[in-house]
Amino acid sequence: MIEILNPTDLLRAKDAGALVADILQTLKSRSTVGTNLLDINLWAHSMITEAGAQSCYVDYEPSFGRGPFGHYICTSVNDAVLHGLPYDYTLANGDLLTLDLAVSKGGVVADSAVSFIVGDVRPPESVAMINATERALSAGIAAAGPGARIGDISHAIGSVLSEAGYLINTEFGGHGVGSTMHQDPHVSNTGRPGRGYRLRPGLLLALEPWVMADTAKLVTDADGWTLRSATGCRTAHSEHTIAITNDGAEILTLPKQAQP
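In structure tokens:
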């Protein structure tokens, strides 16, 4: 299903996006050396509930997972890249943490992810990998607009990641959002320009470049959810929800300090 939102729904989408951005920034600031992943999950739960919003994760039960996710945020550390199930782990100096959050507010979903290094140890390879996903995300957003095609976004993202030297996994990528978290169209992180669905004003897309340092192969953790690099290498993931407008694309999950 592909949803095209009306102007009223788009206003709700902006509210949802602002909430997701605010929660992620707050959680990022609190995620320091010694923080437990389960505490991050509790903080997310509290902020979602206080805002009168609903988690898209706690009851999420897709075919690729093992039962309901049961938590309020994805916390992926180091070699974990997607669907990181929070568990009893204390963050260490130099850990690469990805927080991925999807929330429904007013009946509309926003989805975003941020990767960052905990503490003051900053391995250059990890910094470069995070920067590459952020540049790829910016390129994908720049390629989005009315009349463009999904393949244009995929090509823009994939070009940046490939030029940075990373292999690209196509099992998981970006997607449409709206009244539910995962909708068509699928947005692969590499592709051919001029192909696929033509973008229309009112379409919401969650774009999410992610890479692993030296592989494109994923393995599933024993928890049935967490996806890790097959080689144990580090990973990074950046994501924004955007709305296609008459003039281009508007980022709905941009943190306040990063807004123009």
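All letters in the sequence shown, in the order written, are residues 1 to 260 by the UniProt record's numbering.
Where a beta carbon is used, it is the ideal one built from N, C-alpha and C, also for glycine.
Closer than 8 Å: residue i CB and nearest the ligand SAH heavy atom
| i | result |
| --- | --- |
| residue 176 | In the structure shown, the ligand SAH is absent, as is every other ligand, since no ligand is present at all. |
Whole-angstrom distance between residue j and residue i, CA atom to CA atom
| i | j | result |
| --- | --- | --- |
| residue 176 | residue 206 | 6 Å |
| residue 99 | residue 254 | 15 Å |
| residue 236 | residue 210 | 6 Å |
| residue 167 | residue 216 | 5 Å |
| residue 141 | residue 148 | 11 Å |
| residue 97 | residue 1 | 32 Å |
| residue 208 | residue 133 | 8 Å |
| residue 250 | residue 14 | 10 Å |
| residue 135 | residue 111 | 18 Å |
| residue 224 | residue 192 | 33 Å |
| residue 182 | residue 68 | 15 Å |
| residue 122 | residue 116 | 10 Å |
| residue 145 | residue 203 | 10 Å |
| residue 228 | residue 79 | 5 Å |
| residue 54 | residue 46 | 11 Å |
| residue 158 | residue 240 | 16 Å |
| residue 260 | residue 190 | Reliability of the predicted coordinates at residue 260 is poor, the pLDDT of 49 falling under 50, and no value is obtained from them. |
| residue 120 | residue 93 | 7 Å |
| residue 256 | residue 155 | 29 Å |
| residue 8 | residue 39 | 35 Å |
CA nearest to the CA of residue i, picked from the options
| i | options | result |
| --- | --- | --- |
| residue 152 | 198, 204, 112, 25 | 198 |
| residue 37 | 70, 90, 54 | 90 |
| residue 60 | 251, 22, 73 | 73 |
| residue 160 | 129, 247, 172 | 129 |
| residue 221 | 9, 35, 65 | 65 |
| residue 125 | 234, 244, 250 | 234 |
| residue 86 | 33, 106, 58, 94 | 58 |
| residue 81 | 95, 248, 16 | 95 |
| residue 186 | 93, 50, 194, 170 | 170 |
| residue 201 | 139, 172, 113, 248 | 248 |
Opening and closing residue of the beta strand (DSSP E) in which residue i lies
| i | result |
| --- | --- |
| residue 99 | 96–105 |
| residue 26 | From DSSP, residue 26 is part of no beta strand (DSSP E) but of the alpha helix (DSSP H) over 7–30. |
| residue 126 | First-last for residue 126: 124–143, but that is the alpha helix (DSSP H), not the beta strand (DSSP E). |
| residue 74 | 74–77 |
| residue 82 | 80–82 |
N-terminal and C-terminal residue of the alpha helix (DSSP H) that residue i is part of
| i | result |
| --- | --- |
| residue 113 | Here residue 113 belongs to no alpha helix (DSSP H); instead the beta strand (DSSP E) covers 108–117. |
| residue 46 | 37–50 |
| residue 160 | 150–163 |
Nearest-angstrom Cβ-Cβ length linking residue i and residue j, presumed shorter than 8 Å
| i | j | result |
| --- | --- | --- |
| residue 44 | residue 137 | Contact doesn't hold; Cβ gap of about 22 Å is too wide. |
| residue 180 | residue 103 | Incorrect: roughly 12 Å between the Cβ atoms, too far for contact. |
| residue 10 | residue 51 | At roughly 19 Å, the Cβ-Cβ gap does not stay under 8 Å, so residue 10 and residue 51 are not in contact. |
What are the start and end residues of each continuous beta strand (DSSP E) run of 3 or more residues lying completely inside the segment 172–253, in chain order?
The qualifying runs are 174–177, 183–187, 204–207, 210–212, 218–220, 227–229, 235–237, 240–244, 249–251.
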